[in-house]
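Some notes on the structure that comes next.
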Amino acid sequence: MMGRFKQVLMMTLSGFCFFGQTLFVSATAGISIGAMYDVLNSETQSMSKRIYNSGDSTAFVRVELLEIHPGDKNTSQEIPLKEVTGNVLEKNRLIVTPLRLIIPPGGFQAVRILWPGDRTTERYFRIRFIPVAPKADDDFGLDKKALEKHSQEMKAGVNILAGYGSILIVQPDKPVFNSVINADSPKVITIQNNGNTTISLNKIRECKNANTGCGPYSRRFVLPGRTYSMNKKSGYQTNFTLIEGNNQRKFSD
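Structure follows, in structure tokens:
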């Protein structure tokens, strides 16, 4: 069922979501991208990210870039970025290279992620890694013989190739952390981000006692100017760790 995608929710970032994509094709390659979110902190302009192929067939992966513009009430607009032609380096755009990956079975290939632009405010991007079937003149640079070889490999079996999208957070050059936790209400805990960069709530879970009778962990991200609320469960203690840059603060109520 070539070209048919199944969108799968992976985790929530306040204002937009992480998604994976499942592409049904004839092949036995499977990619993984490691962390589902990455941060370019205020002192970093670039980073590398490894894309792995755990299958036994060569993976051909196309990279797509979108800038995320968070809106009101946890909505967002995603605008595709045009590919850069030649060696032109545009200042206010995300650069990811290469945009076409050929990953051998059991191997990996690294992409370089670069933000050379303005960092007055925080910016957000979605980077999609989508497995595809190579064709002539599709920028993978395969000759006719290589295309025929891959076509024969695809006919050998049917499997599922999963594509993934990660979120990139580009911190401002002068990050300010100012988080306010309010647990005075008997029913709800609120975390307000009054800073100018995203904060993370890690290892959120409810426990009957200190470390027993606990539910599963979850994680949330709170964008600047946003508030996240979690309901208190009667008879349970709510625990989480607030991450502000390199600083951590544990909370229990």
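According to UniProt numbering, numbering within the sequence shown proceeds without interruption in unit steps and concludes at 253.
Just so it is clear, CB atoms sit at the ideal spot from N, CA and C, and this is done for glycine as well.
Measuring straight from C-alpha to C-alpha, what distance separates residue 182 and residue 249? 14 Å
Can you give the Cα-Cα distance for residue 126 and residue 33, rounded to whole angstroms? 13 Å
Cβ of residue 129 within 8 Å of Cβ of residue 61? yes
Which residues share a DSSP beta bridge with residue 78? 68
Nearest CA to the CA of residue 111: which residue from 193, 47, 178, 220? 47
Same chain, Cβ closer than 8 Å to residue 172, five either side skipped, listed in chain order: 42, 119, 120, 121, 122, 196, 197
Pick from 64, 79, 92 that is closest to residue 71, judged by C-alpha positions: 79
Which residues bound the beta strand (DSSP E) around residue 127? 123 to 131
With distances taken from CA atoms, which of 77, 59, 58, 223 is nearest residue 66? 77
Suppose you measure from the CA of residue 179 to the CA of residue 193; what does that come to, to the nearest Å? 5 Å
Measuring CA to CA, which of 37, 242, 102 is closest to residue 133? 102
Straight-line CA distance for residue 27 to residue 55? With a pLDDT of 49 at residue 27, under the threshold of 50, the predicted position of this residue should be treated as unreliable, though the coordinate-derived value follows. Each residue's Cα considered, the two are about 9 Å apart.
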